[in-house]
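Encoded as structure tokens, the structure appears first; notes follow it.
Residue numbers (my numbering), protein chains in the order written: chain V, 1 to 458; chain S, 459 to 916.
Right, dumping it as structure tokens:
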């Protein structure tokens with residue numbers, strides 16, 4: 001790696017849009033979770049695909065790592081530059097380029113955030129449904145195969161990206177997918193780049209599937225005596241086939257944290273939060289059927305939020321639950337776990353996690369997208385207490401091992417980054433080597449986000 | 459390639475389950491459409507994944523091509539053995555291995571057909587929704603990324619395969635995906651093998667997403683004065699967000715062919731056939747909304763088929779439309795086109811195709827999955843009339859070129875095989891070379907279904 005020559009060439013291309021300032025480097029070397037600071041050598045702010053291609057060509061010539069950056073909200077250290085290199089910050093490539101009203105699709109640049117996108121779409125009657133909570137960039141969401149509260153109805157980024165423009169490791173530009181709704185024309189390259197965490201190329205344009213804003217929306221929160229009742233309520237709802245738009249779980253500890261963080265007065269017990277989308281009649285019918293299942297499981301305090309502002313309050317509370325949990329113990333750090341199991345094993349997985357937390361004396365509020373079998377325990381620890389750190393790590397490790405034993409995955413939606421790399425061999429077996437072979441084929445000099453996702457190269 | 463040594467080794471493994479009979483070779487060298495006979499050197503009938511791995515290892519050692527075979531219903535010559543080699547017929551690996559009732563999934567061997575699978579699932583209240591018409595094998599459907607009449611609601615094979623067991627080109631066995639509903643753990647290898655047409659490995663097990671049998675189902679057929687009204691009715695229905703389970707189009711020529719083939723008495727004009735799935739109330743509501751749109755577009759003779767036998771008759775008629783078109787001109791052969799365009803361009807694409815058919819004096823009934831923007835013209839020709847062959851080929855070529863110009867794809871669901879190979883460069887540009895690089899990485903000796911899908915190797 002010849003970083004000085006690369007920086008000189010990059011400055012020629014980008015001028016002031018290549019930043020070497022310490023504050024900028026530190027910002028782009030940080031993460032929202034527990035990873036140490038690993039600043040890149042420079043931060044590039046391209047404005048066009050062509051500039052991205054030039055950046056990658058320069059980095060390829062000098063064997064300098066290239067790491068994409070959206071909003072820095074990833075949770076597994078995906079954008080940490082631990083071999084140095086150039087961080088490509090897409091904040092100046094943040095436009096909604098095209099809306100296809102009749103085709104219910106749009107094309108965006110990677111730096112646009114989901115909140116900005118939905119604000120720009122509002123007048124069209126369309127919306128982009130994937131909602132990971134954080135106001136993430138679409139490039140980051142695509143690269144992490146993000147999902148969140150609405151995946152139970154609308155799918156993950158896997159299901160909502162129709163096509164991509166990608167700058168490959170040699171600086172060449174390809175387009176994947178078409179604007180047709182389906183295709184059988186060869187390998188599904190779109191799916192290969194979705195979730196690749198920038199290890200195969202940098203995404204410079206994304207064509208997204210949009211949804212029509214539903215005629216009617218209704219949401220509710222209800223309380224349960226115990227976790228088991230809440231989880232079994234979810235499993236029954238799925239079995240019966242009620243088309244939920246969201247179904248979220250928070251445990252008693254999360255409810256307590258939300259109360260102190262947001263001044264709400266939830267009963268300190270497990271809750272489900274649900275939302276239905278459809279026609280007036282359809283939503284009413286769904287809500288009634290769900291209400292019966294809730295009653296069967298002893299759910300209480302069940303109230304429908306029909307008005308938009310009440311629903312916004314409900315989902316803001318849910319989205320802030322992560323920050324509420326962090327704030328429940330000032331100065332702490334957190335390991336945010338992200339296992340996803342077959343629905344049939346969900347109650348077991350949650351209960352055994354609770355037992356682990358108790359046995360290891362770890363504080364870990366649990367919340368998650370239970371309609372997908374995906375939940376998070378936010379394992380809080382004091383960095384200065386090595387024993388507590390070790391206990392939190394033990395619980396995190398046991399959660400992943402249990403998920404894999406149950407036929408599930410180490411990560412439902414947060415991705416691999418640094419945090420889950422150690423589980424790839426166990427989850428994929430020899431298929432992990434296939435990932436390594438694909439990476440080597442497309443990035444022979446290992447410059448695209450090196451050290452992430454695939455097996456270390458010999 | 460040392461075929462004699464390979465055959466000797468394969469006989470040791472398979473005994474009588476390695477067939478060299480001429481009738482067997484010819485059967486496995488034929489296709490349902492217009493491709494010439496290209497028999498393999500032998501047909502293998504494995505019964506286990508381990509036997510498949512042994513077959514591939516032997517073929518790898520002797521550089522002998524390996525071509526998978528399901529039911530032989532592919533339409534683009536996907537299984538033609540034009541470099542010879544071993545055809546691996548999965549008809550003896552046709553079991554439903556596992557049903558996950560609570561998880562609404564199952565695992566099958568590749569040789570099971572979709573009709574057998576759904577018969578075996580009947581008692582569970584679950585069904586597998588993807589329906590390409592032909593009673594294809596699940597292995598073939600997976601490898602072709604098939605879809606069909608229900609994709610508008612339930613998606614294609616891309617959306618309904620959760621995981622795979624695959625024998626790679628070196629005979630090693632990998633597992634992709636998990637039994638969780640979603641995962642962000644690395645490259646989406648499942649999506650890479652779905653639609654790869656056997657060029658990256660042989661699929662030996664498939665985990666499928668299942669659906670709950672809907673509480674209520676209703677279907678209808680209605681006639682329109684012209685193609686434009688029918689297509690615009692579809693476009694409006696999609697815009698309004700009515701969740702159709704199927705919406706199919708047949709033109710006047712197809713209706714006429716169906717009448718003579720099946721003795722029905724459809725008016726000889728364009729038709730839409732639709733089906734709704736849901737609760738009693740939901741289906742009623744959808745049917746009413748759709749009825750209003752049909753009326754706006756002058757649709758007539760609109761009658762709901764609520765009884766299962768009436769629906770079966772309706773969809774049998776639709777599924778037989780392909781054979782009815784073929785039978786409309788005895789002794790003819792056909793090029794079955796398969797373009798898919800953005801919905802906004804659907805009316806243009808159909809109308810311009812009609813104009814082409816007239817201008818080139820080609821008989822080509824049109825039918826298709828219009829909810830996806832996907833339709834087929836079945837271009838009939840007399841093999842002995844070179845001028846007619848050339849005119850049919852011209853229309854087929856113009857259809858694909860037009861689809862690509864409209865932002866669509868050469869193939870919505872039939873795949874590439876031999877028939878669409880010539881369009882891959884135009885559709886994918888430099889991304890086609892990326893497919894070639896992936897193929898070379900996973901199959902360095904080019905033994906897996908060589909000559910298909912990727913660029914010819916130098």
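Idealized CB from N, CA, C, for every residue including glycine. Fair warning: this is a prediction, and the values are worked out from it, not measured in the lab.
Quick check: what's the CA-CA separation for residue i versus residue j?
i	j	result
residue 732 (chain S)	residue 866 (chain S)	24 Å
residue 363 (chain V)	residue 347 (chain V)	20 Å
residue 217 (chain V)	residue 278 (chain V)	7 Å
residue 303 (chain V)	residue 310 (chain V)	11 Å
residue 34 (chain V)	residue 67 (chain V)	19 Å
residue 301 (chain V)	residue 63 (chain V)	60 Å
residue 360 (chain V)	residue 253 (chain V)	16 Å
residue 696 (chain S)	residue 1 (chain V)	53 Å
residue 337 (chain V)	residue 416 (chain V)	11 Å
residue 516 (chain S)	residue 623 (chain S)	19 Å
residue 790 (chain S)	residue 446 (chain V)	55 Å
Just curious, the alpha helix (DSSP H) that residue i is in, first and last residue?
i	result
residue 55 (chain V)	49-61
residue 478 (chain S)	Neither: residue 478 (chain S) is in no alpha helix (DSSP H) and is coded neither H nor E.
residue 846 (chain S)	844-863
residue 197 (chain V)	Segment: none, residue 197 (chain V) is in no alpha helix (DSSP H) and carries neither H nor E.
So is residue i buried or exposed if we call it buried at 16+ other beta carbons inside 10 Å?
i	result
residue 635 (chain S)	buried
residue 607 (chain S)	buried
residue 109 (chain V)	buried
residue 922 (chain S)	The question about residue 922 (chain S) has no answer, for chain S in this structure spans 459 to 916.
residue 797 (chain S)	buried
residue 738 (chain S)	exposed
residue 420 (chain V)	buried
residue 897 (chain S)	buried
residue 744 (chain S)	buried
residue 718 (chain S)	exposed
residue 29 (chain V)	buried
residue 12 (chain V)	exposed
residue 723 (chain S)	exposed
residue 917 (chain S)	Residue coverage of chain S in this structure runs from 459 to 916, which leaves residue 917 (chain S) outside it and unanswerable.
residue 876 (chain S)	buried
residue 15 (chain V)	exposed
Where do the ends of the beta strand (DSSP E) carrying residue i lie?
i	result
residue 558 (chain S)	554-558
residue 791 (chain S)	791-794
residue 834 (chain S)	832-839
residue 727 (chain S)	Residue 727 (chain S) -> no beta strand (DSSP E), and no H or E assigned at all.
residue 763 (chain S)	758-763
residue 89 (chain V)	86-89
residue 176 (chain V)	173-177
residue 707 (chain S)	702-708
Find the nearest neighbour of residue i within the set the options, judged by alpha-carbon distance.
i	options	result
residue 316 (chain V)	V:78, V:115, V:103, V:15	V:115
residue 368 (chain V)	V:382, V:355, V:350	V:350
residue 558 (chain S)	V:436, V:342, V:456, V:357	V:342
residue 79 (chain V)	V:290, V:25, V:59	V:25
residue 833 (chain S)	S:841, S:870, S:856	S:870
residue 530 (chain S)	S:518, S:758, S:546	S:546
residue 133 (chain V)	V:75, V:190, V:96, V:165	V:75
residue 397 (chain V)	V:282, V:382, V:377, V:123	V:377
residue 766 (chain S)	S:501, S:683, S:678, S:629	S:678
residue 460 (chain V)	V:354, V:190, V:55	In this structure chain V extends from 1 to 458, so residue 460 (chain V) is not present and cannot be described.
residue 551 (chain S)	S:571, S:560, S:562	S:571
residue 527 (chain S)	S:497, S:575, S:518	S:497
residue 124 (chain V)	V:213, V:354, V:297	V:213
residue 137 (chain V)	V:168, V:96, V:104	V:96
**Item:** Cβ contact (3+ pairs, closer than 8 Å) linking the segment 657-665 of chain S and the segment 195-213 of chain V
**Value:** no
**Message:** Does the contact criterion of 3 or more C-beta pairs under 8 Å hold for the segment 40-59 of chain V versus the segment 375-390 of chain V?
**Reply:** no
**Prompt:** Taking three-plus beta-carbon pairs below 8 Å as touching, is the segment 642-657 of chain S in contact with the segment 890-910 of chain S?
**Reply:** yes
**Asked** Is the segment 861-878 of chain S close to the segment 173-188 of chain V, with three or more CB pairs under 8 Å?
**Response** yes
**Asked** Just checking, does the segment 238-246 of chain V make contact with the segment 152-168 of chain V on the three C-beta pairs under 8 Å criterion?
**Response** yes
**Asked** Should the segment 312-331 of chain V be regarded as contacting the segment 525-545 of chain S, the criterion being three or more beta carbon pairs within less than 8 Å?
**Response** no
**Asked** Would you call the segment 882-889 of chain S and the segment 164-176 of chain V touching, i.e. three or more CB-CB distances under 8 Å?
**Response** yes
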